[in-house]
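In our numbering, the protein residues as written are -19 to 183.
All residues carry an ideal CB built from backbone N, CA and C; glycine is no exception.
Report on one structure; see the data block that follows.
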């Protein structure tokens, strides 16, 4: 949902960066991998220790490569199935690292196993949201509905961790519980949409 409105505006901001990297002969796939490495490090090095402010900053900057690599590929005219696959796969790796870092903190020094369970639910439900869309598209259907797609989920987590890093501890709790509810709703929305489309094409 957010993608339709925010991505074009941000895309105009990253175009100059994309042009600069292309002049340096940097390949879009390298940017994808570098961004994922940044998210993994920000999550497992900083989130796992409760260093939420710096972790949020590192992840937010790294996550921008999700737009940057696409802009570079389009400018090169080299968008490919492998590039799309790599981008989606790296997104899953980044998500897993981000929530794993939070779980490590919450089951360790953070001492909040209930919130750790909610965090795990967010990870699993988010994976189901992504799989539901991929599987639907594999069957020739579409599944672009949902109140909380990946962009919304990542932003919500980073808002929570960012404020937690500024000392507003309750922000992380609110963000994760809200994310759990919104992600669960999105799973149901996609289930209903795919069922509706499947009924229309059924013999």
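Is it buried or exposed, residue i, if we count other Cβ atoms within 10 angstroms and call 16 or more buried?
i	result
residue 65	exposed
residue 5	exposed
residue 86	buried
residue 117	exposed
residue 28	buried
residue 143	buried
residue 23	buried
residue 19	buried
residue -2	buried
residue 62	exposed
residue 47	buried
residue 88	exposed
residue 128	buried
Judging by CA-CA distance, which residue of the options is the nearest neighbour of residue i?
i	options	result
residue 150	19, 90, 110 and 165	90
residue 68	109, 119, 181 and 155	109
residue 39	157, 14, 50 and 61	14
residue 161	56, 131, 99 and 148	99
residue 101	17, 165 and 47	165
residue 181	84, 121, 78 and 47	121
residue 92	58, 115, 152 and 127	152
residue 9	58, 83 and 41	58
residue 103	146, 148 and 83	83
residue 159	97, 179, 147 and 145	97
residue 53	167, 7, 79 and 168	7
residue 30	123, 16, 17 and 80	80
residue 178	78, 60 and 119	119
residue 78	145, 25, 157 and 88	25
residue 167	123, 148 and 147	123
One question on the structure: do residue i and residue j come within less than 8 Å of each other, judged by their Cβ atoms?
i	j	result
residue -5	residue 51	yes
residue 55	residue 95	no
residue 130	residue 71	yes
residue 155	residue 137	yes
residue 45	residue 11	yes
residue 145	residue 36	yes
Assuming residue i and residue j form a contact by the criterion Cβ under 8 Å, report the distance between their Cβ atoms to the nearest whole angstrom.
i	j	result
residue 134	residue 43	6 Å
residue 139	residue 170	Going by Cβ atoms, the distance from residue 139 to residue 170 rounds to 24 Å, so no, they are not a contact pair.
residue 163	residue 105	4 Å
residue 32	residue 141	4 Å
Worksheet entry | Sequence ranges, alpha helix (DSSP H) only - wholly within the segment 126 to 181, length at least 4 | Correct list: 130 to 145 and 150 to 181.
Fill in: alpha helix (DSSP H) runs wholly inside the segment -1 to 60, at least 4 long, in chain order
You should have 8 to 21, 32 to 43 and 45 to 56.
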